[in-house]
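All you need for my numbering is the position in the sequence shown, starting with 1, plus 9.
We put the CB at the ideal spot given by N, CA and C, even for glycine.
To start, the structure itself, in structure tokens.
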Amino acid sequence: MTEKLSVEIFNENYPIIKEKIAQAAKSAGKSEKDIILLAATKTVDIDTVNFAIKSGIEYIGENKVQEFLSKYENYEKCHKHFIGHLQTNKVKDLIGKVELIHSVDSLHLAKEISKQSKAKGIVSEILLEVNIGKEQTKSGFSVNETQRAVEEISSYGNIYIRGLMAIPPIADEKQKNRNFFYEMNKLFVDIRDKKIDNSSMDILSMGMSDDFTQAISEGANMVRIGTALFGRRNYNI
Numbered sequence: 010m011t012e013k014l015s016v017e018i019f020n021e022n023y024p025i026i027k028e029k030i031a032q033a034a035k036s037a038g039k040s041e042k043d044i045i046l047l048a049a050t051k052t053v054d055i056d057t058v059n060f061a062i063k064s065g066i067e068y069i070g071e072n073k074v075q076e077f078l079s080k081y082e083n084y085e086k087c088h089k090h091f092i093g094h095l096q097t098n099k100v101k102d103l104i105g106k107v108e109l110i111h112s113v114d115s116l117h118l119a120k121e122i123s124k125q126s127k128a129k130g131i132v133s134e135i136l137l138e139v140n141i142g143k144e145q146t147k148s149g150f151s152v153n154e155t156q157r158a159v160e161e162i163s164s165y166g167n168i169y170i171r172g173l174m175a176i177p178p179i180a181d182e183k184q185k186n187r188n189f190f191y192e193m194n195k196l197f198v199d200i201r202d203k204k205i206d207n208s209s210m211d212i213l214s215m216g217m218s219d220d221f222t223q224a225i226s227e228g229a230n231m232v233r234i235g236t237a238l239f240g241r242r243n244y245n246i
């Protein structure tokens with residue numbers, strides 16, 4: 010049996026994902042238009058990415074700077090985000106090319122983004138990554154650190170905070186992830202209500218292929234979906 014191509018898998022899965030988003034949004038008292046579907050395109054070839062964009066995907070997110078740059082000149086018109094771990098020495102390669110950096114996990118990284126943005130005369134929009142599960146293997150601000158980090162980073166020039174992002178631990182029970190999403194939304198709302206300068210706190214990015222409906226039910230307005238759209242891929246290439 011011939012293995013299905015990514016385009017075929019996308020064609021089958023995209024309407025299903027859209028319907029699940031619509032249902033989850035409705036259950037949360039929202040419209041599907043309130044939820045941004047970001048296609049996580051790590052290792053997805055540019056032809057498939059562009060097919061997805063032409064089919065209705067408006068937002069794409071790349072995890073690796075080198076892969077993003079290799080595709081950059083060939084993307085169809087879309088909103089380009091960076092969603093992976095970002096090293097400070099790669100910041101200069103991204104600034105001015107992506108609309109939003111999701112994974113700002115330290116003051117050090119934020120300072121470099123500010124520095125490189127100033128050098129190019131632009132303002133870069135970011136999300137702060139929160140280590141909601143207190144995992145030692147993951148980077149990000151702790152829940153207790155996050156508000157202070159927003160206040161600190163908002164004082165840097167040429168940087169603007171749009172909101173928060175999180176990847177909860179892999180859970181064997183759905184309720185565990187729901188609890189993490191609930192805690193993230195509470196933190197998000199609390200900080201948003203502070204109306205901190207140079208921040209709008211209008212994006213809560215959480216939920217991926219296995220748990221995006223739970224994330225939406227707990228307040229996410231942006232979900233990052235890769236496998237459920239394109240199928241499982243070889244992430245070692």
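Backbone CA spacing between residue i and residue j [nearest angstrom]
i, j, result
"valine 107", "histidine 88", "8 angstroms"
"isoleucine 18", "glutamate 85", "20 angstroms"
"lysine 51", "isoleucine 66", "15 angstroms"
"glutamate 134", "glutamine 75", "20 angstroms"
"valine 16", "isoleucine 234", "15 angstroms"
"lysine 63", "aspartate 56", "10 angstroms"
"tyrosine 81", "glutamate 121", "22 angstroms"
"serine 112", "lysine 124", "17 angstroms"
"phenylalanine 197", "leucine 213", "7 angstroms"
"glutamate 12", "asparagine 167", "In this predicted model, glutamate 12 has a pLDDT of only 48, less than 50, meaning its place in the structure is not dependable enough to derive any value."
"aspartate 322", "serine 226", "The requested residue 322 is not part of the displayed model; the chain covers only 10 to 246."
"threonine 222", "alanine 33", "5 angstroms"
"leucine 109", "asparagine 98", "18 angstroms"
"glutamine 156", "methionine 231", "20 angstroms"
"lysine 35", "alanine 224", "13 angstroms"
"alanine 48", "asparagine 153", "30 angstroms"
"alanine 175", "glutamate 138", "6 angstroms"
Residue i, buried or exposed, once every other Cβ within 10 Å from all chains shown has been counted against 16
i, result
"aspartate 114", "buried"
"arginine 171", "buried"
"serine 229", "It is worth fixing the name first, because residue 229 is alanine in this sequence and not serine. That one is buried."
"tyrosine 244", "Note on tyrosine 244: pLDDT 47, under 50, position unreliable in the model; the coordinate value appears next. Classification of tyrosine 244: exposed, given that the 10 Å Cβ count is below 16."
"isoleucine 69", "buried"
"proline 177", "buried"
"isoleucine 25", "exposed"
"phenylalanine 239", "buried"
"asparagine 83", "exposed"
"alanine 158", "buried"
"valine 58", "buried"
Nearest neighbour of residue i, chosen from the options [CA to CA]
i, options, result
"glycine 142", "Leu136, Ala237, Glu134 and Ser151", "Ser151"
"asparagine 188", "His90, Tyr23, Phe91 and Gly216", "Gly216"
"isoleucine 45", "Gly38, Lys27, Ser36 and Ala37", "Lys27"
"leucine 173", "Ile179, Phe190 and Asn186", "Phe190"
"isoleucine 179", "Thr146, Leu118 and Ile131", "Thr146"
"phenylalanine 60", "Tyr23, Ile131 and Tyr169", "Tyr23"
Rounded Cβ spacing between residue i and residue j (contact assumed at less than 8 angstroms)
i, j, result
"aspartate 102", "leucine 78", "6 angstroms"
"isoleucine 30", "glutamate 41", "6 angstroms"
"glycine 93", "lysine 73", "6 angstroms"
"asparagine 95", "leucine 116", "This sequence places leucine at residue 95; asparagine is not what is there. Their Cβ separation, rounded to whole angstroms, is 14 angstroms, which puts leucine 95 and leucine 116 out of contact at 8 angstroms."
Contact the segment 200-214 vs the segment 147-162: 3+ CB pairs below 8 angstroms = yes
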